[in-house]
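Structure first, commentary second.
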Amino acid sequence: MFEKLKQYKEDFQAVKWILKTISIEWKTAIIVLICIVITSILGPLSPLVLKEIIDNGLQGTSKYSLAVLLMAFGILPVIYGMCNVMLAYFSNKLSEKTTNILQLDMYKRVMDKSLNFFITNKSGQILQRVVREPGEINSYLSAITIQFASKIFLLITTLITMFMLNVNLTIVSLLFVPLILIPGPFFSRWTVPIHIKAMDFRAEAVSKIQESMNMNGIFLIKTMGSQEHETKQFSKSIKSISKYNIFSATLMEGVGALTSTLAVLAPIAVFWVASIEIKNGQISIGTIVAFSTY
Numbered sequence: 507m508f509e510k511l512k513q514y515k516e517d518f519q520a521v522k523w524i525l526k527t528i529s530i531e532w533k534t535a536i537i538v539l540i541c542i543v544i545t546s547i548l549g550p551l552s553p554l555v556l557k558e559i560i561d562n563g564l565q566g567t568s569k570y571s572l573a574v575l576l577m578a579f580g581i582l583p584v585i586y587g588m589c590n591v592m593l594a595y596f597s598n599k600l601s602e603k604t605t606n607i608l609q610l611d612m613y614k615r616v617m618d619k620s621l622n623f624f625i626t627n628k629s630g631q632i633l634q635r636v637v638r639e640p641g642e643i644n645s646y647l648s649a650i651t652i653q654f655a656s657k658i659f660l661l662i663t664t665l666i667t668m669f670m671l672n673v674n675l676t677i678v679s680l681l682f683v684p685l686i687l688i689p690g691p692f693f694s695r696w697t698v699p700i701h702i703k704a705m706d707f708r709a710e711a712v713s714k715i716q717e718s719m720n721m722n723g724i725f726l727i728k729t730m731g732s733q734e735h736e737t738k739q740f741s742k743s744i745k746s747i748s749k750y751n752i753f754s755a756t757l758m759e760g761v762g763a764l765t766s767t768l769a770v771l772a773p774i775a776v777f778w779v780a781s782i783e784i785k786n787g788q789i790s791i792g793t794i795v796a797f798s799t800y
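Take 507 as the starting number for the sequence shown in our numbering and just add one per residue.
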């Protein structure tokens with residue numbers, strides 16, 4: 507119970523810090539939000555154009571000429587890609603700026619520590635915490651935050667378009683959404699601790715390098731003849747990092763493979779229902795193609 511309350515408090519503090527740093531860089535955050543909205547609107551348009559091409563454009567019954575439809579079908583992905591590039595640029599810019607804020611904040615906090623803190627903690631580990639880990643953590647959190655916002659906006663525009671096209675097929679598709687969403691949070695209870703463990707070993711490895719490569723450290727090692735021992739210790743640290751990184755990457759790929767497998771079930775169900783509606787003349791081929799794209 508107390509552990510959960512502690513975790514909730516830490517999560518709240520993390521969200522509070524993210525909102526605080528984003529509010530400092532609000533201009534960049536607004537540009538990111540605008541890019542997210544534009545990409546979310548553009549995302550569902552290509553399948554709609556494809557539907558119009560199949561249902562009317564090829565037969566010459568569309569109010570738009572086939573040349574215009576084909577041109578739109580070719581240009582939309584280019585515009586969408588350009589907006590995604592802009593989104594990537596400004597989201598990374600926001601991430602870097604917030605990382606700098608966190609690094610500066612941590613540096614100030616470390617500078618305020620007592621002398622005993624620097625005696626009891628290895629300099630390499632302090633360096634790792636101040637310089638490298640804020641960037642890793644912030645990049646991870648920023649990516650999650652921005653991707654979450656982007657996917658939510660895209661989900662809303664896509665669902666609205668799908669409901670406009672066919673209510674029954676949309677409901678069938680939504681029935682499979684929980685199956686696709688469950689694996690991520692379920693496996694995160696293992697992936698997150700593994701990632702943290704790898705960061706701890708990385709900090710230890712950096713500390714060993716710094717301690718052994720400075721003048722005092724190398725003099726002590728040479729005097730005591732402990733080169734082999736230090737090499738073994740460093741080798742042990744980097745092997746631990748590799749072990750956790752490999753395991754984490756494999757587990758993440760496994761989650762991706764499971765999600766992809768489950769995601770195939772939705773189109774199968776959609777095609778099955780669509781086959782019935784085609785026989786009853788309630789749906790067009792173009793609509794089915796658009797749904798398979800969504």
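No residue lacks a Cβ here, since even glycine has one placed at the ideal position from N, Cα and C. This structure is a prediction, so every number in the text was calculated from the model and none was measured.
query, result
"Could you tell me the boundaries of the alpha helix (DSSP H) in which Thr567 lies?", "It is not in any alpha helix (DSSP H) - Thr567 carries neither H nor E in the DSSP assignment."
"With 16 other CB atoms within 10 Å as the buried threshold, where does Arg708 fall?", "buried"
"Enumerate, from N- to C-terminal direction, the unbroken alpha helix (DSSP H) stretches of 4 or more residues contained entirely within the stretch 527-614.", "532-548 and 551-558"
"Just tell me which of Lys749, Gln653 and Ile686 has its CA closest to the CA of Ile700.", "Lys749"
"Return the residue from the list Ser546, Tyr570, Ile544 and Val543 that minimises the CA-CA distance to Leu556.", "Tyr570"
"Does the pairing of the stretch 545-561 with the stretch 652-671 give three or more beta-carbon distances under 8 Å?", "yes"
"Would you kindly report the start and end of the unbroken alpha helix (DSSP H) that includes Phe797?", "Ile791 to Thr799"
"Note down the Cα distance separating Ile677 from Arg695, rounded to an integer number of angstroms.", "31 Å"
"In the DSSP assignment, the alpha helix (DSSP H) including Ile686 goes from what residue to what residue?", "Val683 to Leu687"
"Determine the contact status of Leu685 and Leu757, defining contact as a CB-CB distance below 8 Å.", "no"
"I'd like to know if the stretch 666-673 and the stretch 792-800 are in contact, where contact means that at least 3 CB-CB pairs between them fall below 8 Å.", "yes"
"Just to confirm the assignment, what range does the alpha helix (DSSP H) spanning Ser679 have?", "Val673 to Leu680"
"Can you have a look at Thr767 and say buried or exposed, based on whether 16 or more other CB atoms are within 10 angstroms of its CB?", "exposed"
"Could you tell me the alpha carbon to alpha carbon distance between Thr663 and Gly792, rounded to whole angstroms?", "19 Å"
"Decide if Glu558 is buried, meaning its Cβ has at least 16 other Cβ atoms within 10 Å, or exposed.", "buried"
"Tell whether a beta-carbon distance below 8 Å holds between Gly563 and Leu554.", "no"
"What did DSSP end up calling Gly787 once you bin it into helix, strand or coil?", "coil"
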